[in-house]
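Structure, as structure tokens:
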Amino acid sequence: MTEHAEPVYNPRDVESRWQRVWADERTWEVSNELDAGGRDNAYVLEMLPYPSGEPHIGHLKCYALGDAIAHFNRRLGRRVLHPMGYDAFGLPAENHAIKTGEHPRDSTAASIASFQRQFRSWGISIDWSRELATHEPSYYRWTQWIFLELFRAGLAYRKEAAVKWCPHDQTVLANEQVDADGRCERCGNLVEVRQLEQWFLRITDFAERLLGDLDTIDWPANVKTMQRNWIGRSEGAEVAFRCEELGIDYPVFTTRPDTLFGATFFVMAPEHPDVLRLAEGTEREHEVREYVNVALNETNEERGNVEKPKTGVPLGRTVTNPVNGEQIPMYVADYVLMEYGTGAIMAVPAHDERDHAFATAFGLPIRRVIEPAGGSDAADEDVLPYTGDGVLVGCGAEFDGIANRDALTEIVRWLDREGKGHGAVNYRLRDWLISRQRYWGCPIPVVYCESCGIVPVPAEELPVELPEIEDYAPRGRSPLASAEEFLSTSCPSCGGPARRETDTMDTFVDSSWYFLRYCDARNDEAPWDGGALGEWMPVDQYIGGVEHAILHLMYARFFCKALADLGHLDFQEPFAALFTQGMVTKDGAKMSKSKGNVVSPASIVERVGADTARCYILFVGPPDQDADWSDAGVEGVHRFLGRLWRLSAETAERTGAAGEDFDVSAELQGEDLILLRKTHWAIDKVSGDLRRFAFNTAIAAVMELLNDCSRLRDSVGDETMRFALATGASLLFPFAPHVSADVYERLTGARVWEAGWPDAQEELLESDAYELVCQVNGKLRDRVQASTGAGPDELKELCKLAPNVQAHLDGKEIVKEIVVPGKLVNLVVK
Ligand SMILES: [Zn+2]
Ligand SMILES: [Zn+2]
2 MTEHAEPVYN PRDVESRWQR VWADERTWEV SNELDAGGRD NAYVLEMLPY
52 PSGEPHIGHL KCYALGDAIA HFNRRLGRRV LHPMGYDAFG LPAENHAIKT
102 GEHPRDSTAA SIASFQRQFR SWGISIDWSR ELATHEPSYY RWTQWIFLEL
152 FRAGLAYRKE AAVKWCPHDQ TVLANEQVDA DGRCERCGNL VEVRQLEQWF
202 LRITDFAERL LGDLDTIDWP ANVKTMQRNW IGRSEGAEVA FRCEELGIDY
252 PVFTTRPDTL FGATFFVMAP EHPDVLRLAE GTEREHEVRE YVNVALNETN
302 EERGNVEKPK TGVPLGRTVT NPVNGEQIPM YVADYVLMEY GTGAIMAVPA
352 HDERDHAFAT AFGLPIRRVI EPAGGSDAAD EDVLPYTGDG VLVGCGAEFD
402 GIANRDALTE IVRWLDREGK GHGAVNYRLR DWLISRQRYW GCPIPVVYCE
452 SCGIVPVPAE ELPVELPEIE DYAPRGRSPL ASAEEFLSTS CPSCGGPARR
502 ETDTMDTFVD SSWYFLRYCD ARNDEAPWDG GALGEWMPVD QYIGGVEHAI
552 LHLMYARFFC KALADLGHLD FQEPFAALFT QGMVTKDGAK MSKSKGNVVS
602 PASIVERVGA DTARCYILFV GPPDQDADWS DAGVEGVHRF LGRLWRLSAE
652 TAERTGAAGE DFDVSAELQG EDLILLRKTH WAIDKVSGDL RRFAFNTAIA
702 AVMELLNDCS RLRDSVGDET MRFALATGAS LLFPFAPHVS ADVYERLTGA
752 RVWEAGWPDA QEELLESDAY ELVCQVNGKL RDRVQASTGA GPDELKELCK
802 LAPNVQAHLD GKEIVKEIVV PGKLVNLVVK
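Throughout, the working numbering is defined as the position within the sequence shown, counted from one, plus 1.
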């Protein structure tokens, strides 16, 4: 099939040649100096990788995606910051060290080297001058500095708390790191509860702003919804229930102050710090103590289950219901969670399912205080609990007959007047627990002095460096606690003996500010210079997996707000726009070593080249959706790039590299005009598709253009062909940079990345195309643009290349092809 004289597309040669040019010339580096040409700046950022082993296919997708956006922005005339770094602290490297004895620093370095090598071999346009890794002292010095800024502002604090503890990883977990079944997100073991002194960051102070400012950023709706749910704002009232015997007010938060008259008992969470004190000296003391111990080891999921039989123990005390003065009994019960509200509730069995189940089990009074509006004859115990709306009954002359919705405000107003409560807002969001009893993390820069208490390490003594240790295994305390030289120090305040904090920080702290450091990565005097941040922040386009919707993306937003309040930043939101990419699956399943279905980017790049790998992964489907890897699809893209390169090489042999001014105009006739129009159609299509992240259809448009070039190769003039192919390469550059740079240089002698993004000429955009219906076994699977002049073979090819058709062809044999020109193609498969 190949003619002898035909030049051969060799991705290895093409790719290594252009990678050398970009490395030698440091093409993608940008300075922080204001641009003399007055160009706009753009900050395009993919989430930094966690360096463990080698990059996987998800990395290829993420960085191919981000690189396309970075290139498009550059070609639109912007200066683009597109840096790279590594989220290098964390458990996998440490667990590996425990198993093998290899220092986490060494395994991390090896992994980083592998990531660097592959990013270069993929041709990602990275500004390597700003590269960083969060485990380097030059970086974590500033992580510690930020911690101390938060500490001074009262936003980092230490308190004893019931914490989630993973018995396998021997460390504390943040609430966000425990899944819905109460298991460790990392190892899947059931999480336990322990009482420990821990460091927290006061993210709850920012709940309202974290919620409200979601309206100011261009993020996917599902991510915003996940953040809203996590913050979990609810409106209601805080009401004080007084324990007269002990003279203590116990506040509860309720969203249903309209049901206060129906509160017939009072329940505290087992973690509530007062539970044991209340039971002390009563006949229930021993029973309560035992119950609390058992309850603390249950998961929140179990405890919150509506179906679960209700258990609890009376505390032997009563509190006063503030609306009617009644003494109601106090209980401890595991269905009440410390994380909600104040850790205590007023129980209204007539109007709440779980309270009702508890009251039934314990023989407690159930008092109806809301009846359906218009009255109901069936208002007896049988239909309780009643959770609908209605009018108040049995609430005294002042409130009876009021619609319960109105009572929500009226009762709160009354409580306020009486000094017994007030309107309140509650958040599900809890303060961020950052202490970890592990080695491979950023040391918390404080010391403990007997006379001075907690003393921050002075800024000039930062970083507090991780000491070298022999034994990484956690034994319920941080491995740092056994590093005696590290541990004992002197107090910066009084000079007396002191000991260092031995916990390290949650690695999410490291990644909550790295995007700031990129702006000024080599600054030794400060974490960043305000001017440098002014040039680049906020990030214009952030890209990453939707699995970070809550943790990383919430923490980074919190850091910006806190640092802005402290005068270190002058913006509130770190990421103006966010794009979340879908997963790459194989045979419909998540890739995993155990399933043996892992596609390694290194082997694909080795076999077909980086351009094919990058192009394919963006072509396989809309990039925000999950997509299934198909080897046949890879081959199709590889053939396409080969055809583009060969046809261009042939054309260049005839025309030479004849510059970027093309002698083509609307005066052209016949096939030349058709190809000219098709080229402008492709410019228009790819430009629009890139703006809406429809990379798959953008690539398909260049494929269509190339099909026309092939079809018309013998009937159009050289200059028309040169224009069409060079433009095709120019449009393909964001996705397949090496082959595109090569083709463009052959045809024009110029560098495509220095060329402006092409403009579509309006007068050439008249439609010469129609929408071809693509069917598989008679079912509509896709629609693609086909030019009016396209013959049956081209239409069949177009249909086969349509992304959703490919999905239905994979692994099947085409037995018949039906073409109705101007309308449809139907592929019959079995
Ligand atoms: Zn675990
Ligand atoms: Zn001291």
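By construction, the Cβ of each residue, glycine as well, lies at the ideal position given by its N, Cα and C atoms.
Legend entry - Burial state of Ile412 (16 or more Cβ within 10 Å): If you number the sequence shown from 1, residue 412 lands on position 411. Only buried fits Ile412, as 16 or more other CB atoms lie within 10 angstroms of its CB.
Inset, instruction - Please state if the CB of Pro386 and the CB of Thr265 are separated by a distance shorter than 8 angstroms. - result: Mapped onto the sequence shown, residue 265 falls at position 264. Mapped onto the sequence shown, residue 386 falls at position 385. Annotated as distal: Thr265 and Pro386, with beta-carbon spacing of 8 angstroms or more.
Legend entry - Residues near Ile819 by beta carbon distance below 6 angstroms, same chain, minus five either side: By one-based count along the sequence shown, residue 819 stands at place 818. Excluding residues within five positions, the ones whose Cβ falls inside 6 angstroms are Asn827.
Legend entry - Cβ contact check for the region 458–466 and the region 142–162: 3 or more pairs under 8 angstroms: A contact is defined here as three or more CB-CB pairs under 8 angstroms, and the region 458–466 meets this definition with respect to the region 142–162.
Legend entry - Contacting residues, own chain, Cβ-Cβ under 7 angstroms from Pro446 (five flanking each side not counted): If you number the sequence shown from 1, residue 446 lands on position 445. Excluding positions up to five away in sequence, the list reads Gln145, Phe148, Leu149, Pro457, Val458, Leu463, Val465.
Inset, instruction - Output yes or no for whether 8 angstroms exceeds the beta carbon distance between Gly54 and Ser130. - result: Your numbering for residue 54 matches position 53 in the sequence shown. Your numbering for residue 130 matches position 129 in the sequence shown. No, the pair does not count as a contact, with Cβ atoms beyond the cut-off.
Inset, instruction - Pull up the distance between the alpha-carbon of Ile455 and that of Tyr449, whole angstroms please. - result: For the purposes of this step, residue 455 is taken as residue 454 along the sequence shown, with counting starting at 1. For the purposes of this step, residue 449 is taken as residue 448 along the sequence shown, with counting starting at 1. When rounded, the distance between both Cα atoms is 5 angstroms.
Legend entry - Spatial distance of Lys594 from Ala474 (CA atoms): Numbered from its first residue, the sequence shown carries residue 594 at position 593. Numbered from its first residue, the sequence shown carries residue 474 at position 473. If I take the Cα positions, the gap works out to 26 angstroms.
Inset, instruction - Would you check if the distance between the CB atom of Ser731 and the CB atom of Val753 is smaller than 8 angstroms? - result: As a first step, residue 731 must be located in the sequence shown, where it is residue number 730. As a first step, residue 753 must be located in the sequence shown, where it is residue number 752. Between Ser731 and Val753, the C-beta spacing is below 8 angstroms.
Inset, instruction - Compute the minimum distance between the beta carbon of Ser489 and the heavy atoms of ligand 2, and state whether it is under 7 angstroms. - result: For the purposes of this step, residue 489 is identified with residue 488 of the sequence shown, where counting begins at 1. Not under cutoff, so the answer is no.
Inset, instruction - Output yes or no for whether 8 angstroms exceeds the beta carbon distance between Ala522 and Leu133. - result: For the purposes of this step, residue 522 is taken as residue 521 along the sequence shown, with counting starting at 1. For the purposes of this step, residue 133 is taken as residue 132 along the sequence shown, with counting starting at 1. Yes. Within cutoff.
Legend entry - Own chain residues within Cβ distance below 7 angstroms of Ala633, not counting five before or after: Here residue 633 corresponds to residue number 632 of the sequence shown, with the count starting at 1. Excluding its 5 nearest sequence neighbours in each direction, Ala633 has C-beta neighbours in its own chain below 7 angstroms: Asp811, listed in chain order.
Inset, instruction - Consult DSSP for Lys831 and reduce its assignment to one of helix, strand or coil. - result: In the sequence shown, residue 831 corresponds to position 830, counting from 1. Here Lys831 sits in coil by DSSP.
Inset, instruction - Would you kindly report the start and end of the unbroken alpha helix (DSSP H) that includes Ala222? - result: Residue numbering aside, residue 222 sits at position 221 when the sequence shown is read from its first letter. Element bounds for Ala222: 222–232.
Legend entry - Boundaries of the alpha helix (DSSP H) in which Met722 is found, first to last residue: Here residue 722 refers to the residue found at position 721 of the sequence shown. Note, Met722: alpha helix (DSSP H), 719–733.
Legend entry - Arg278 versus Arg437 - alpha carbon distance: In the sequence shown, counting from the first residue as 1, residue 278 sits at position 277. In the sequence shown, counting from the first residue as 1, residue 437 sits at position 436. CA-CA distance, Arg278 to Arg437, rounds to 29 angstroms.
Inset, instruction - With a 10 Å radius around its C-beta and 16 neighbouring C-beta atoms as the bar for buried, classify Val9 as buried or exposed. - result: Taking the sequence shown and counting its residues from 1, one reaches residue 9 at position 8. Flag for Val9 reads exposed.
Legend entry - Cα-Cα separation, Trp200 to Ile435: As a working mapping, residue 200 is identified with position 199 in the sequence shown. As a working mapping, residue 435 is identified with position 434 in the sequence shown. Looking at the two C-alpha atoms, the distance is approximately 6 angstroms.
Inset, instruction - Going by DSSP, name the residue or residues bridged to Cys1. - result: The question about residue 1 has no answer here: the residues shown for the chain are numbered 2 through 831.
Inset, instruction - Compute the minimum distance between the beta carbon of Asp182 and the heavy atoms of ligand 1, and state whether it is under 7 angstroms. - result: Looking up residue 182 in the sequence shown gives position 181. In terms of side-chain proximity, the C-beta atom of Asp182 is found no nearer than 7 angstroms to any non-hydrogen atom of ligand 1.
Inset, instruction - Could you tell me if Ile815 is buried or exposed, where buried requires 16 or more neighbouring beta carbons within 10 angstroms of its beta carbon? - result: Position 814 of the sequence shown holds residue 815. Residue environment: Ile815 is assigned as exposed (fewer than 16 neighbouring CB atoms within 10 Å of its CB, all protein chains considered).
Inset, instruction - Using beta-carbon positions only, say whether Tyr64 and Gly91 come within less than 8 angstroms of one another. - result: Sequence index remark: in the sequence shown, residue 64 carries index 63 (1-based). Sequence index remark: in the sequence shown, residue 91 carries index 90 (1-based). One thing to note: Tyr64 has its Cβ no nearer than 8 angstroms to the Cβ of Gly91.
Legend entry - ligand 2 heavy atom lying under 7 angstroms from the CB of Cys495: In the sequence shown, counting from the first residue as 1, residue 495 sits at position 494. Checking the 7 angstroms criterion, the Cβ of Cys495 is within range of a heavy atom belonging to ligand 2.
Legend entry - Through-space distance from Arg368 to Gln328, alpha-carbon basis: By one-based count along the sequence shown, residue 328 stands at place 327. By one-based count along the sequence shown, residue 368 stands at place 367. In this structure, the straight-line span from the alpha carbon of Gln328 to that of Arg368 is close to 14 angstroms.
Inset, instruction - Out of Val81, Val15, Ser115, Trp514, state which residue places its alpha-carbon closest to the alpha-carbon of Pro56. - result: To locate residue 56, count along the sequence shown from 1; it is residue 55. The shortest Cα separation from Pro56 among Val81, Val15, Ser115, Trp514 belongs to Ser115.
Legend entry - Sequence ranges, beta strand (DSSP E) only - wholly within the region 161–238, length at least 3: Runs of the beta strand (DSSP E) inside the region 161–238: 172–174, 193–202.
Inset, instruction - Whole angstroms is fine: what's the gap from Ala380's alpha carbon to Glu372's? - result: Here residue 380 is taken as the residue at index 379 of the sequence shown, counted from 1. Here residue 372 is taken as the residue at index 371 of the sequence shown, counted from 1. Residue placement at Ala380 is poorly supported in this model, since its pLDDT is 49, which falls under 50; the coordinates still yield a value, given next. Put simply, the backbone Cα of Ala380 is about 7 angstroms away from that of Glu372.
Inset, instruction - Given a cut-off of 8 angstroms, decide if Pro271 and Val333 are closer than it, judged by their beta-carbon atoms. - result: Walking along the sequence shown from the start, residue 333 turns up at place 332. Walking along the sequence shown from the start, residue 271 turns up at place 270. Contact: yes.
Inset, instruction - Could you name the residues whose beta carbon sits closer than 6 angstroms to any heavy atom belonging to ligand 1, keeping them in chain order? - result: Applying a distance threshold of 6 angstroms between residue Cβ atoms and the heavy atoms of ligand 1 selects Cys167, His169, Asp170, Cys185, Arg187, Cys188, Asn190, given in chain order.
Inset, instruction - Indicate whether the contact test is met: 3 or more Cβ pairs, each with one atom in the region 210–220 and one in the region 173–182, closer than 8 angstroms. - result: At 8 angstroms Cβ cutoff, the stretches do not touch.
Legend entry - Residue of Cys492, Glu284, Leu66, Gly102 minimising C-alpha distance to Glu469: As a working mapping, residue 469 is identified with position 468 in the sequence shown. Minimum Cα distance to Glu469 is reached at Gly102.
Legend entry - Residue range of the unbroken alpha helix (DSSP H) whose run includes Asp612: Translated into positions along the sequence shown, residue 612 becomes position 611. Asp612 -> alpha helix (DSSP H) spans 611–620.
Inset, instruction - Report the three-state DSSP secondary structure of Gln786 (helix, strand or coil). - result: Reading the sequence shown from its first residue, position 785 is the one you call residue 786. Of the three classes helix, strand and coil, the one that applies to Gln786 here is strand, per DSSP.
Legend entry - Simplified DSSP state of Val687, which is helix, strand or coil: Counted from its first residue, the sequence shown places residue 687 at position 686. Helix, per DSSP.
Inset, instruction - Measuring alpha carbon to alpha carbon, tell me which of Leu570, Gln807, Glu485 ends up nearest Arg500. - result: As a first step, residue 500 must be located in the sequence shown, where it is residue number 499. The residue with the shortest Cα to Cα distance from Arg500 is Glu485.
Inset, instruction - Find the nearest neighbour of Asp107 within the set Glu95, Asp625, Pro822, judged by alpha-carbon distance. - result: By 1-based counting over the sequence shown, the position of residue 107 is 106. Looking at the Cα atoms, Glu95 is the closest of the given residues.
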